[in-house]
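Take the sequence shown: its position 156, counted from the start at 1, is 268 in the working numbering, and no numbers get skipped.
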Amino acid sequence: MRKLRVLLVDDEIIIREGFKRLFDWEAHDLEVIGEAADGMEAMTKIDDLVPDIVIMDINIPIMNGLKVIQMARIKHPSMGFIIVSGYDDFSYCREALRLQITDYILKPVDYEEFGACIDRLRIGMYENSAADRKDYTERPITGITRYLQNHLEEDISLSLLADEFHLNAQYISQLFKSEIGVGFLTYLTNIRMENARKLLVSTSLSIGEISSRCGYADYRVFTKAFKKNEGITPSQYRRDFLESDI
Numbered sequence: 113m114r115k116l117r118v119l120l121v122d123d124e125i126i127i128r129e130g131f132k133r134l135f136d137w138e139a140h141d142l143e144v145i146g147e148a149a150d151g152m153e154a155m156t157k158i159d160d161l162v163p164d165i166v167i168m169d170i171n172i173p174i175m176n177g178l179k180v181i182q183m184a185r186i187k188h189p190s191m192g193f194i195i196v197s198g199y200d201d202f203s204y205c206r207e208a209l210r211l212q213i214t215d216y217i218l219k220p221v222d223y224e225e226f227g228a229c230i231d232r233l234r235i236g237m238y239e240n241s242a243a244d245r246k247d248y249t250e251r252p253i254t255g256i257t258r259y260l261q262n263h264l265e266e267d268i269s270l271s272l273l274a275d276e277f278h279l280n281a282q283y284i285s286q287l288f289k290s291e292i293g294v295g296f297l298t299y300l301t302n303i304r305m306e307n308a309r310k311l312l313v314s315t316s317l318s319i320g321e322i323s324s325r326c327g328y329a330d331y332r333v334f335t336k337a338f339k340k341n342e343g344i345t346p347s348q349y350r351r352d353f354l355e356s357d358i
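In structure tokens form, the structure reads like this:
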């Protein structure tokens with residue numbers, strides 16, 4: 113796991129030196145890669161170094177810290193920011209929250225509090241990174257399952273999905289087993305039965321209409337599949353629900 117890279121921004125050199133010397137960055141899996149003394153220098157360093165985290169004072173020359181963060185967010189939306197300020201001002205806090213700052217710490221810095229804050233940010237960034245990687249691998253299956261939910265009335269097959277998503281049918285089949293834990297047909301049947309149960313108890317549609325809405329052209333095939341899945345026929349399922357609701 114790589115160390116996260118930190119940029120320190122404060123117009124007071126003694127504050128920047130204090131951060132470097134009094135806080136154990138190594139123990140928190142971090143490294144300071146640069147510093148800036150004003151807003152313009154901060155913007156340049158942010159673009160050049162692309163740190164993971166910026167520790168930022170608000171009241172710095174040329175461009176204040178909140179403006180820097182606002183501009184930096186456009187190019188670097190996943191960058192983490194912690195404000196360290198000598199001003200306990202509600203308007204600053206409100207603006208910081210709007211900009212989704214991780215924390216707002218007052219000077220003089222309590223390094224134990226700062227450590228807890230930096231750990232929360234660091235852990236959150238690692239978790240988000242892991243989630244992003246997971247989302248990337250799941251994106252094909254997410255799109256496919258969403259497609260199935262929206263096209264339950266249609267005759268759906270692996271070859272149709274392969275054409276729709278420009279993927280190999282065998283690959284899609286493997287995706288269902290590896291990402292969802294069941295085969296394609298089992299998954300499709302399950303969501304069709306789920307839709308059927310909802311329609312049976314929430315509408316007055318006939319069994320034939322429900323069968324059609326769930327992708328079964330022949331209601332007898334639907335009834336057989338429903339009974340195999342639920343243990344009772346669709347009509348009995350509806351009757352049992354209505355009787356239990358009396």
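Cβ coordinates follow ideal geometry from the N, Cα and C atoms, glycine included.
Would the beta-carbon of residue 327 be found less than 7 Å away from any heavy atom of the ligand ATP?
You won't find the ligand ATP in this model; it holds no ligand whatsoever.
By Cβ distance below 7 Å, which residues in the same chain neighbour residue 266 in space, the five residues on each side in sequence not counted?
Residue mapping note: residue 266 aligns to position 154 of the sequence shown, counting from 1. So the list reads 327, once near-sequence residues are dropped.
Taking just the CA atoms, how far does residue 273 sit from residue 172?
Locating residue 172 in the sequence shown gives position 60, counting from the first residue. Locating residue 273 in the sequence shown gives position 161, counting from the first residue. Each residue's Cα considered, the two are about 56 Å apart.
Measuring alpha carbon to alpha carbon, tell me which residue in 340, 334, 185, 314 is nearest residue 350.
Translated into positions along the sequence shown, residue 350 becomes position 238. Checked all of 340, 334, 185, 314; the closest Cα to residue 350 is 314.
When burial is assigned at 16 or more other CB atoms within 10 Å of the CB, is residue 323 buried or exposed?
Position 211 of the sequence shown, counting from 1, holds the residue named residue 323. Per the 10 Å Cβ criterion, buried.
What would DSSP say about residue 118, mapped onto helix, strand or coil?
One-based indexing of the sequence shown puts residue 118 at position 6. It is a strand residue.
Of all the options 336, 167, 352, 218, which has the alpha carbon lying nearest to the alpha carbon of residue 116?
Here the question's residue 116 lines up with position 4 in the sequence shown. Nearest option by C-alpha distance: 167.
Excluding the five sequence neighbours on either side, which residues of its own chain have a C-beta within less than 6 Å of the C-beta of residue 148, listed in chain order?
Numbered from 1 along the sequence shown, position 36 holds the residue referred to as residue 148. Closer than 6 Å at the Cβ level, and outside the excluded window around residue 148, lie 121, 154, 157.
On a CA-only basis, which of 230, 300, 295, 319 is nearest residue 259? Give me that one, please.
Here residue 259 corresponds to residue number 147 of the sequence shown, with the count starting at 1. With distances taken between Cα atoms, residue 259 lies closest to 300.
Examine the Cβ distances between the region 182 to 193 and the region 127 to 137 and report whether three or more of them are shorter than 8 Å.
Touching, no, given that fewer than three Cβ pairs across the two stretches are closer than 8 Å.
Does the Cβ-Cβ distance between residue 331 and residue 320 come in under 8 Å?
By 1-based counting over the sequence shown, the position of residue 331 is 219. By 1-based counting over the sequence shown, the position of residue 320 is 208. Yes. Within cutoff.
Using a 10 Å radius around the Cβ and a threshold of 16 neighbouring Cβ atoms, would you call residue 162 buried or exposed?
What you label residue 162 is simply residue 50 of the sequence shown in a count that begins at 1. Residue 162 should be labelled exposed.
If you draw a straight line from the C-alpha of residue 129 to the C-alpha of residue 142, how long is it?
In the sequence shown, the residue the question calls residue 129 occupies position 17. In the sequence shown, the residue the question calls residue 142 occupies position 30. Those two C-alpha atoms are separated by around 16 Å.
Do you know offhand how far residue 195's Cα is from residue 144's?
Taking the sequence shown and counting its residues from 1, the one referred to as residue 195 is at position 83. Taking the sequence shown and counting its residues from 1, the one referred to as residue 144 is at position 32. When rounded, the distance between both Cα atoms is 16 Å.
Short check: CB of residue 224 to CB of residue 217, under 8 Å?
Walking along the sequence shown from the start, residue 224 turns up at place 112. Walking along the sequence shown from the start, residue 217 turns up at place 105. Contact flag unset, no.
Have a look at 353, 140, 334 and flag the residue whose alpha-carbon is nearest the alpha-carbon of residue 359.
The structure shown has nothing for residue 359, since the chain only spans 113 to 358.
Give the single residue among 312, 238, 283, 257 whose Cα lies nearest to the Cα of residue 373.
This structure cannot speak to residue 373, because the chain is shown only from 113 to 358.
So which of 345, 125, 138 has the shortest CA-CA distance to residue 150?
Against the sequence shown, residue 150 aligns to sequence position 38. That would be 125, whose Cα lies nearest to the Cα of residue 150.
Please give the ranges of any alpha helix (DSSP H) in the region 255 to 317, keeping only runs that are unbroken, at least 4 residues long and fully inside the region.
You should have 270 to 277, 281 to 287, 296 to 314.
Can you tell me the Cα-Cα spacing of residue 202 and residue 152, whole angstroms?
Translated into positions along the sequence shown, residue 202 becomes position 90. Translated into positions along the sequence shown, residue 152 becomes position 40. Only weak support is given to the placement of residue 202: the predicted model assigns it a pLDDT of 49, under 50, and the question is left unresolved by the model.
In whole angstroms, give me the CA-to-CA distance for residue 295 and residue 285.
Numbered from 1 along the sequence shown, position 183 holds the residue referred to as residue 295. Numbered from 1 along the sequence shown, position 173 holds the residue referred to as residue 285. Rounded to the nearest angstrom, the two C-alpha atoms are 7 Å apart.
Taking residue 305 as the reference, which of 325, 138, 118 has the closest Cα?
For this step, residue 305 is matched to residue 193 along the sequence shown. Of the candidates 325, 138, 118, the one whose C-alpha sits nearest the C-alpha of residue 305 is 325.
Could you check the C-alpha separation between residue 227 and residue 255 for me, to the nearest Å?
Residue mapping note: residue 227 aligns to position 115 of the sequence shown, counting from 1. Residue mapping note: residue 255 aligns to position 143 of the sequence shown, counting from 1. Cα to Cα, residue 227 sits roughly 40 Å from residue 255.
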